[in-house]
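Engineer:
Protein chains: 4
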Amino acid sequence: MELGVSDRVKPLVDAVRRMVRDDIAPLDLEYHAEVGKHPSGDRFRMTDRQVEILKSLKDKAKAAGLWNFWLTDSAKGYGLSTVEYAYLAEEMGAVSIAPEIFNCNAPDTGNMEVLERYGTDAQRALWLPDLMEGTARSAYLMTEPQVASSDATQISLKCERLGEDYVLNGEKYWATGAGDPRCGLYIVMVCTDPEAAKHARHSMLLVPSDLDGIEKIRPMEVFGHDDAPHGHMHIRFTDVRVGADAIVLGEGRGFEVAQGRLGPGRIHHCMRAIGRAEYALELMVKRGMTREAFGKPLVDLGANYDIIANARIAIEMTRLLCLKAAWMMDHEGVRAAQPWISKIKVQAPLMALQVVDEAMQMYGATGLSQDTPLARIWTDLRTLRFADGPDAVHRRQVARAELRKYSNAAP
Amino acid sequence: MELGVSDRVKPLVDAVRRMVRDDIAPLDLEYHAEVGKHPSGDRFRMTDRQVEILKSLKDKAKAAGLWNFWLTDSAKGYGLSTVEYAYLAEEMGAVSIAPEIFNCNAPDTGNMEVLERYGTDAQRALWLPDLMEGTARSAYLMTEPQVASSDATQISLKCERLGEDYVLNGEKYWATGAGDPRCGLYIVMVCTDPEAAKHARHSMLLVPSDLDGIEKIRPMEVFGHDDAPHGHMHIRFTDVRVGADAIVLGEGRGFEVAQGRLGPGRIHHCMRAIGRAEYALELMVKRGMTREAFGKPLVDLGANYDIIANARIAIEMTRLLCLKAAWMMDHEGVRAAQPWISKIKVQAPLMALQVVDEAMQMYGATGLSQDTPLARIWTDLRTLRFADGPDAVHRRQVARAELRKYSNAAP
Amino acid sequence: MELGVSDRVKPLVDAVRRMVRDDIAPLDLEYHAEVGKHPSGDRFRMTDRQVEILKSLKDKAKAAGLWNFWLTDSAKGYGLSTVEYAYLAEEMGAVSIAPEIFNCNAPDTGNMEVLERYGTDAQRALWLPDLMEGTARSAYLMTEPQVASSDATQISLKCERLGEDYVLNGEKYWATGAGDPRCGLYIVMVCTDPEAAKHARHSMLLVPSDLDGIEKIRPMEVFGHDDAPHGHMHIRFTDVRVGADAIVLGEGRGFEVAQGRLGPGRIHHCMRAIGRAEYALELMVKRGMTREAFGKPLVDLGANYDIIANARIAIEMTRLLCLKAAWMMDHEGVRAAQPWISKIKVQAPLMALQVVDEAMQMYGATGLSQDTPLARIWTDLRTLRFADGPDAVHRRQVARAELRKYSNAAP
Amino acid sequence: MELGVSDRVKPLVDAVRRMVRDDIAPLDLEYHAEVGKHPSGDRFRMTDRQVEILKSLKDKAKAAGLWNFWLTDSAKGYGLSTVEYAYLAEEMGAVSIAPEIFNCNAPDTGNMEVLERYGTDAQRALWLPDLMEGTARSAYLMTEPQVASSDATQISLKCERLGEDYVLNGEKYWATGAGDPRCGLYIVMVCTDPEAAKHARHSMLLVPSDLDGIEKIRPMEVFGHDDAPHGHMHIRFTDVRVGADAIVLGEGRGFEVAQGRLGPGRIHHCMRAIGRAEYALELMVKRGMTREAFGKPLVDLGANYDIIANARIAIEMTRLLCLKAAWMMDHEGVRAAQPWISKIKVQAPLMALQVVDEAMQMYGATGLSQDTPLARIWTDLRTLRFADGPDAVHRRQVARAELRKYSNAAP
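Protein chains in written order, with UniProt numbering: chain P, 1 to 411; chain U, 1 to 411; chain Y, 1 to 411; chain S, 1 to 411.
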């Protein structure tokens, strides 16, 4: 079980780290400060400066060959293992816009995986090139306002076959990235047969975002933020027609696609969360060493040594667990890796939230303010306790896997 | 040690509760949605509708005699005890703008106490009436960007005597309420003699907010929110001159005033935090009973019974601790109550944050969004772990009080 | 809601405290060191010295009028309220044998309550006097090895009517105090009608401990301790015959008696647990102030200030919650007090275990050894998370009470 | 960073696991039940049956080649890496007497390492063969009653040179294994020069346990257990003379030896602790699946799914952290591995205690009794939060390593 940084990936990690710290981090603040400054007043349109920041950084990344690392276990690109990718994702995770700079951001990576693994040649030809180039963006529409979507069998956006088309009616929300003006593709989980067996009711469709009948009702806010121009949109479908060739794999196979998509997606989220925790710990220690109260550096006061030590211990354990889940994906396949993905999906966000919270506390009120990235990191991380399944659902999976070991146990 | 709701205060509690739930809560959302809609584009100017909402609600509260409850242990007003006030503050705390409606909001109550208890007749005459009427607002300027202000001996805004005036130079930030266009008075902690004994270096001044040389540099943000039009301002003083009669109690007595002010202020924050936790638990349980997954109401899934039970236990204990701290203030005085105030100051925000966090989790991603008040409540509460002293400083106080009991203990 | 120490009970608290600290604590260690030294080698027979220690201390307590405080809300004895008793129970709880010295120990107080409240005149006359004098002891037999007794409806010790007698067959264990040579009475929960409605299947019998067919199989051990001579016995009933007049209240009313008995019993356990936590904190602080490492007293190292502060905060909150539960019993009755008793039953042992654990840690390995009472206190407290219902059952009760508030809530 | 089970060690792990489960576990209970049954009444003398149990099991282990695995990175024996040994230690850790059966128990393994790595040829020839054969036992005497030995610079047992001898005076306690009648060797940390630099004051001596002037005062108890016949002894040295050739490495090098000894020793403790947590989780799940209350298996009640999931997550993370610490020892050396050893030394016992505590709770009161091994496991684990350094000292080490990374950080 090799969990270290391979020789092959080591120089990539170094290069990504340098670019994140030296090039991206300084522009990240400027990028976010630009939000809402488009002359139209529309927060979901990018300013020229935003476009320029993204373009110049992406060009630099591409030129350096730091691009599309996520395509693991594939002949294309680097063909990295998930373990190798983990080390890169962690570095990218530290800064908000960094993953997109390397074309390794959610939800696009997961969506590209859907196309690459389950798409027809025609589907791939239509959508993949621009996504792989980073010029187009996509969204994944699963969660619905009317039902607890953590129980995915309740997903109910209506999809009826009408001649050569499917017709869609209903609502989705928390469609991350759907606010982005460049977002041309929605991958939508729909209900094609509410009477079918539980896991055969749903299908996955590739829906162009500009079809008639698609309406962005509002951006969902996270702790008051609309995360413009990216956004988490609430979208209404009214008699939206899409060709039957838009279906992925076939009717009733929506769950299969969703499971295949969510495994890697979840683990990538966790890798980035660990990168953020690592960054927060760095900020916490530096602050504690350079700020004084009661005649001493803050680190020497109260329980701060213990807080730092506990953060370090928690980060290391969580990183190792994430690497093991990645290794399981690489060597045993998504199905066998499932309980491991659930484990890390519970653990990584909780751990990272705790570390960032302590970092904020070390900073005093400044830690909550615009003067550090900590508050933004915290709210981003908080969404991970829901995204791709809430903690409770993943704990349930872990427990059931445990019980299965003894299901024939004598009393 | 009578900690219950007195017969006298019971009908007031009921009346406040009804008004908060029936009248204020519905307009609270509208009030916040108005922020930033002033024709000037200035987020720190109120719209006509905001002015109207505040005025109509305040008029209603005044007409019902629900006004200025905070003036505890005084011949004026109700003359409530701190214990009695606690039950009212809890009800008001549940909704964001409610405390102001009853003229019971921070930082104005604390500031009015300073005037009432330590002010000269002239100072009282000048500032108190409008504040008591709720037509003027005030701010309390203590925290400074250059020093860890949790160690208040480090406060360093320079104040020199020049003839009949004091001249102020330096910066303050986190001046809550200073963004409000109605805010006319700053109570400012300044350093009058950096060479004096540790607790005699500082003085407290009453500074009109419109003096020459006072500059609002920027609003501090809390998790990205500027909390306009209220605001937490970063303010620069450049050769600001204020008459010598603006001093409270006299030179070198700033600490004394600060301590007298902060005791009740801290405990009021805690009462309101408990009200918010109670409200969050109500939302959590209702959501859990009416939303289904896996064929059951959410409350019947996973650890939710335990989560609800633990929240209930934590709220009750924390409320009792808060009431005891209030009782100590009423019966033993601020000094004896100090370690009790520190205890509740540590406990109440932590408890409330935990309950609100669980409530958000029960709601799914909706819990973080604009569709519930939970996210706003959470970020507000998070600031309480710093406001009026960070957790670590209060724990230190509690521990030292414990050690003093045995300071002559034989080995 | 008066939760303070009343004028009436204040001198009693002082007297009990003095006697516990000055007279009982020194002999407590000697009493326990005597266990197993009876010439017969039988650990469940007391040595002469043990008998003498108990007698001399009890005589002293009686002479001082410090006796049978537990009989709350009664014309007999002091007629204390439960709140008043709480302050006394806390003092007695600090030292292992102290409660018995004042005839206020479990399970005898609960058993005497059963006799006093539900017994016939004849039953009272037969059993109460010696128990009230402290010359006889009793046990309460509820838990059974074959079923999870936390669900009391599963209790199944068979009890059949045969002429004028009941005939008992089955096993009980964890019969605390049944090892004591002075233990003459077992109050036994039996199943008289397994076909009856869930809460009407059981009855409560007063069974002399020396009847034919009663066999003490073994002492149950707690962390390896048999707690001799008191003991927690595993007992087998084989065709044990007891007269029909041994039944309490009547057939099918076992649950009613159990509920009436367990309410006060649970709360008394909690009071004593708080006393132990208080004692452990005292030991922790004294040790931390007088032991040095790295050139400083231990209290000044690491997170010890925070640990002490958190312990103090937790103790105060828990004490107040316990007092409120007691107040509810006094003023609203056992039924209304039920969820409050469940709250404190969850909280008090968990809190006390945590404080004692930290105290052990401050002592280094000595904290686990015979050189402090901490390890014994910890194991005693650990049993409280099961005794009279495990945590999980009480959390369930608290949650259900919470849900009932909204059971008609609209979605 | 290869952390998996190597092909070489896999069959050994299987063989050890089978022997622990099939052969040792059944006799473990009998072995402990024999304690105190020696005809002399001396609990620190073994009965014939105890001798026989140990001998027959050790013979079997030796015959199967399952012996002395601990000698990592050495030409002797298997030459396992620390990572490989971890998998074996975990299996052995599950059952109390199992480590000794494979001659892999503390403190003997650590003591043998001292001899092997730092001993002269003569010292090795004198002591090693019988220890390697498992026929002799040894103890490590470091902790002293008069000082907080967590600060090892305070160690003060007086050692003076007198001609060809050293003369020892003072006390040691918590000398684990020193009660064992087979224990012939004490490795003793002494103070040879109290005036020397902090880390050059101490020396390590090899002291035969039967010298004149050595007196076993008493066994230290752990939660009331003397752990006979092994024992944790309190020992007094009065003018004990030992030849100058008994010194290890030379005067003033005691710290160097202690550090070299404690690294592996700490990590072995952690491996075994993880094995115990794993075993406790197995017991917890099996109990929960086969015991019913309220009409359901216990696992389906309350928060039990979450408890099981959290235990599984915690075990996996901790195991990985332990393996990484082992890998660091193998590849980077003891010094570089130090902060990693401190991390796992904090984490493993805390995690294991938590899991065992939950397992006890799932069992009801039975979980605390002699009917499961859980209570014994818990008390054993509790000592690990002190053994080889308390949590606080290790957290301090971890924090200082973190601070060193930024010690030149600009403000």
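Glycine is no exception: its CB is placed at the ideal position from the N, C-alpha and C atoms. For clarity, every value in this text was computed on a predicted model and none was experimentally measured.
Along the chain, where does the alpha helix (DSSP H) that runs through GLY254/S open and close?
Structural biologist: That run of the alpha helix (DSSP H) goes 254-290.
Engineer: Would DSSP call THR72/P helix, strand or coil?
Structural biologist: Three-state DSSP puts THR72/P in coil, outside helix and strand.
Engineer: Which residues in chain U sit within 7 Å of HIS225/P, going by Cβ to Cβ distance?
Structural biologist: Simply GLY224.
Engineer: Among VAL393/P, ARG376/P, SER369/P, which one has its Cα closest to the Cα of PRO219/U?
Structural biologist: Here the closest residue by C-alpha is SER369/P.
Engineer: Helix, strand or coil: how does DSSP classify HIS38/P here?
Structural biologist: Three-state DSSP puts HIS38/P in coil, outside helix and strand.
Engineer: I need the straight-line Cα distance from ARG396/S to TYR166/U, nearest angstrom please.
Structural biologist: Using only the alpha carbons, I get a separation of about 48 Å.
Engineer: Give the residues of chain S in contact with ALA148/Y, contact being defined as C-beta atoms less than 8 Å apart.
Structural biologist: Within chain S, the residues near ALA148/Y are ARG291, GLU292, ALA293, LEU298, GLY364.
Engineer: Mind listing the chain Y neighbours of THR383/S? Cutoff is C-beta to C-beta under 8 Å, in chain order.
Structural biologist: Those are ALA365, LEU368, listed as they occur along chain Y.
Engineer: Going along chain U, which residues have a C-beta under 9 Å from residue 414/S?
Structural biologist: Because chain S here runs from 1 to 411, residue 414/S falls outside it and cannot be looked at.
Engineer: How about the segment 368-388 of chain P and the segment 276-290 of chain P: do they share at least three Cβ pairs that are nearer than 8 Å?
Structural biologist: Output reads yes: the segment 276-290 of chain P touches the segment 368-388 of chain P.
Engineer: Between the segment 170-187 of chain U and the segment 220-240 of chain U, do three or more beta carbon pairs fall short of 8 Å?
Structural biologist: Yes, since at least three Cβ pairs between the segment 170-187 of chain U and the segment 220-240 of chain U fall closer than 8 Å, the two stretches touch.
Engineer: Please name the residue, chosen from ALA293/S, ALA246/S, ALA200/S, LYS10/S, that lies closest to SER209/S on a Cα-to-Cα basis.
Structural biologist: Considering only alpha carbons, the answer is ALA246/S.
Engineer: Identify which residue in MET189/S, PHE223/S, ALA125/S, ALA136/S has its Cα closest to the Cα of ASP55/S.
Structural biologist: The sequence shown places Lys at residue 55/S, rather than the Asp named in the question. Per the Cα distances, ALA136/S.
Engineer: Output the distance between the C-alpha atoms of ARG385/U and ALA365/P, rounded to the nearest integer angstrom.
Structural biologist: Looking at the two C-alpha atoms, the distance is approximately 9 Å.
Engineer: Please state the DSSP three-state secondary structure of GLU164/S.
Structural biologist: Correct three-state label for GLU164/S: coil.
Engineer: Going by C-alpha distance, which of LEU66/S, GLU34/S, ASP42/S is nearest MET52/S?
Structural biologist: Note that residue 52/S is Glu in the sequence shown, not Met. Considering only alpha carbons, the answer is GLU34/S.
Engineer: Can you name the residues of chain S whose CB is closer than 7 Å to the CB of residue 416/Y?
Structural biologist: With chain Y covering 1 to 411 only, the question about residue 416/Y has no answer from this structure.
Engineer: Do the CB positions of LEU71/U and LEU12/U come within less than 8 Å of each other?
Structural biologist: No, they are not a contact pair.
Engineer: Can you list the residues of chain U that THR143/P reaches, using a CB-CB cut of under 9 Å?
Structural biologist: Per Cβ cutoff of 9 Å: GLY364, ALA365.
Engineer: Using 8 Å as the limit for Cβ to Cβ distance, is ALA399/P near chain S?
Structural biologist: Yes, ALA399/P counts as interfacial toward chain S.
Engineer: Just checking my contact of ILE187/Y with ASN111/Y at CB under 8 Å: how many whole Å lie between their CB atoms?
Structural biologist: The Cβ separation is near 5 Å, so the contact holds.
Engineer: Out of ASN310/Y, LYS158/Y, THR47/Y, which one is the CA nearest neighbour of ALA277/Y?
Structural biologist: For the residues ASN310/Y, LYS158/Y, THR47/Y, the minimum Cα distance to ALA277/Y belongs to ASN310/Y.
Engineer: Can you name the start and end residues of the beta strand (DSSP E) that GLY110/S belongs to?
Structural biologist: Taken as a continuous stretch (DSSP letters only), GLY110/S belongs to no beta strand (DSSP E), being part of the alpha helix (DSSP H) at 108-118.
Engineer: With a threshold of 8 Å between beta carbons, is PRO411/Y in contact with chain P?
Structural biologist: Because the pLDDT of PRO411/Y is 41, which lies under 50, any placement of that residue in the model is unreliable, and the question is left without a value.
Engineer: In angstroms, rounded to a whole number, what distance separates the CA positions of CYS270/P and ARG18/S?
Structural biologist: Roughly 37 Å separates the two Cα atoms.
Engineer: For GLY250/S, which of CYS191/S, ILE308/S, MET142/S, ASP306/S has the nearest alpha-carbon?
Structural biologist: The shortest C-alpha separation from GLY250/S is found at CYS191/S.
Engineer: Do GLN123/Y and the ligand MG come close, with the Cβ less than 7 Å from some heavy atom?
Structural biologist: Absence of the ligand MG from the depicted structure is noted, as is the absence of any ligand whatsoever, leaving it without description.
Engineer: Would you mind telling me which residues of chain Y sit closer than 7 Å to MET220/S, beta carbon to beta carbon, in chain order?
Structural biologist: Those are SER369, listed as they occur along chain Y.
Engineer: At a Cβ threshold of 8 Å, is TYR406/S touching chain P?
Structural biologist: Answer yes: the Cβ-Cβ gap between TYR406/S and chain P drops below 8 Å somewhere.
Engineer: Please report the straight-line C-alpha distance between HIS32/S and LYS76/S, rounded to a whole angstrom.
Structural biologist: Answer to the nearest angstrom: the Cα atoms are 33 Å apart.
Engineer: For ALA314/U, which residues from the same chain have a beta carbon less than 6 Å from its beta carbon, with the 5 sequence-adjacent residues on both sides left out?
Structural biologist: So the qualifying residues of the chain are MET351.
Engineer: Count the other C-beta atoms from every protein chain shown that fall within 10 angstroms of the C-beta of ILE101/S, then say buried if there are 16 or more, exposed otherwise.
Structural biologist: By the neighbour-count rule (16 or more Cβ atoms within 10 Å), ILE101/S is buried.
Engineer: Who pairs with SER138/U in a beta bridge, going by DSSP?
Structural biologist: Its beta-bridge partners are LEU185/U.
Engineer: Any idea what DSSP makes of ILE174/S, helix, strand or coil?
Structural biologist: The displayed chain sequence assigns Trp, not Ile, to residue 174/S. DSSP places TRP174/S in strand when its eight states are reduced to three.
Engineer: Judging by CA-CA distance, which residue of ALA200/S, LYS158/S, GLY184/S is the nearest neighbour of THR238/S?
Structural biologist: Cα-wise, what sits closest to THR238/S is LYS158/S.
Engineer: Which term fits ARG272/Y, buried or exposed, when burial requires 16 or more other beta carbons within 10 angstroms of its beta carbon?
Structural biologist: Buried.
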